[in-house]
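Undergrad: Chains as they are written, first to last, in the working numbering: chain X, 1 to 95; chain L, 1 to 179. All C-beta atoms in this analysis are idealised placements derived from N, C-alpha and C, irrespective of residue type, glycine included. Okay, here's the structure, questions in a sec.
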């Protein structure tokens, strides 16, 4: 049970990071933290409900890998255009 | 709760705090690696051994290294950049995340779970039949998603025209932008 509580706190830490960080890369790191908190709760619940939780966590890891590839590609592309990865500089979405 | 368990959870939360507060992006990414390694240990302790090793190989080994690579490529180690359009929004963010934590904890509070399922150690022998049985379509969909993500990642960072097709002045400009 303590694992589930820790995963809730870890998720809240990720939310704090997303809200306070100002570079896109660090926002991304906080999102990874939230994904892992969700994974921890999936693994924790798997001990009560069966192995499906672990399979779902495996899928989350694979999807996170895809997300990182696309997200970092976007960040690199934006940096080429704007010379910046600060999310506040990107508040107007013009080419 | 055993002392080891308490220590692992404390370290997990502490490294999480480091990830969201450290000023240098490289240090934050290294703290994230530490967080993932502790998490992998927790997975092994929670009878999810295969997942623990996947966590080390894929997350700590591949994903965070990709992060470090991009941080170093873009000289983006400095965390505090740009202007702050919302002055003193930090306490507000703290309040909001505490609210999220309270909502999640209240959801978990009254739960009365029996952690008695036999997971066979969470080894591949136990996960395989599920992955290729009930979850087969999900597995195929994730595989397709990974392929699409690879294509997108390559297409996104492609220059508008290949570098050797540019005229000399254009090439100089391109180099300046890319540094």
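Rounded C-beta distance between residue 122 of chain L and residue 5 of chain L? I'm assuming under 8 Å.
TA: About 17 Å; that fails the 8 Å criterion.
Undergrad: Do you know whose CA, among L/94, L/136, L/11, L/160, lies nearest residue 59 of chain X's CA?
TA: L/136
Undergrad: Are the C-beta atoms of residue 31 of chain X and some chain L residue less than 9 Å apart?
TA: no
Undergrad: What are the residues in the region 44-63 of chain L lying within 8 Å of chain X by C-beta distance?
TA: 46, 47, 48, 50, 51, 54, 55, 58, 59, 62, 63
Undergrad: So which residues on chain L does residue 76 of chain X lean against when the C-beta distance must stay under 8 Å?
TA: 70, 73, 74, 156, 157
Undergrad: Would the region 10-24 of chain X and the region 128-135 of chain L be scored as touching if the rule is three or more Cβ pairs under 8 Å?
TA: Contact fails: fewer than three Cβ-Cβ distances are below 8 Å.
Undergrad: Consider the Cβ of residue 135 of chain L: report whether some Cβ of chain X lies at a distance smaller than 9 Å.
TA: yes
Undergrad: Identify every run of the alpha helix (DSSP H) within the region 101-148 of chain L, keeping only runs that are complete inside it and at least 4 residues long; order them along the chain.
TA: List check, alpha helix (DSSP H) in window: 124-131.
Undergrad: Just to confirm my understanding: we take residue 55 of chain L, look at its own chain, exclude 5 residues before and 5 after, and list those with CB closer than 7 Å. What are they?
TA: 36, 39, 40, 43
Undergrad: By the three-class DSSP mapping on this structure, what secondary structure does residue 21 of chain L have?
TA: helix
Undergrad: Any beta-carbon of chain X closer than 9 Å to the one on residue 96 of chain L?
TA: yes
Undergrad: Between residue 146 of chain L and residue 62 of chain X, is the Cβ-Cβ spacing less than 9 Å?
TA: yes
Undergrad: Listing by chain order, which chain X residues have their CB less than 8 Å from the CB of residue 36 of chain L?
TA: 36
Undergrad: What does DSSP give as the partner residues of residue 78 of chain L in its beta bridges?
TA: DSSP lists L/24 as partners of residue 78 of chain L.
Undergrad: Determine the DSSP secondary structure at residue 85 of chain X, reduced to helix, strand or coil.
TA: coil
Undergrad: State whether the region 63-78 of chain L contacts the region 21-33 of chain X, with contact taken as three or more CB pairs (one from each stretch) at a distance under 8 Å.
TA: yes
Undergrad: Please report how far the alpha carbon of residue 31 of chain X lies from the alpha carbon of residue 51 of chain X, in whole angstroms.
TA: 25 Å
Undergrad: Does any C-beta atom of chain X lie closer than 9 Å to the C-beta of residue 90 of chain L?
TA: Answer yes: the Cβ-Cβ gap between residue 90 of chain L and chain X drops below 9 Å somewhere.
Undergrad: So residue 16 of chain L contacts chain X; which residues on that side make the cut at Cβ distance below 7 Å?
TA: Neighbours of residue 16 of chain L on chain X, chain order: 10, 13, 33.
Undergrad: Quick check on residue 130 of chain L - is its C-beta less than 9 Å from some C-beta in chain X?
TA: At a cut-off of 9 Å between beta-carbon atoms, residue 130 of chain L makes contact with chain X.
Undergrad: Considering Cα atoms alone, identify which of X/68, X/85, X/88, X/18 is closest to residue 94 of chain L.
TA: X/18
Undergrad: Could you name the residues that DSSP lists as bridge partners for residue 150 of chain L?
TA: None, per the DSSP bridge assignment.
Undergrad: Where residue 132 of chain L and residue 89 of chain L are concerned, what is the direct C-alpha to C-alpha distance, given to the nearest angstrom?
TA: 48 Å
Undergrad: Under 7 Å Cβ-Cβ, which residues of chain L neighbour residue 55 of chain X?
TA: 127, 130, 131, 135
Undergrad: Put residue 80 of chain X into one of helix, strand or coil per three-state DSSP.
TA: When secondary structure is reduced to three states using DSSP, residue 80 of chain X falls in the helix class.
Undergrad: Thinking C-beta only, is residue 74 of chain L closer than 9 Å to residue 27 of chain X?
TA: no
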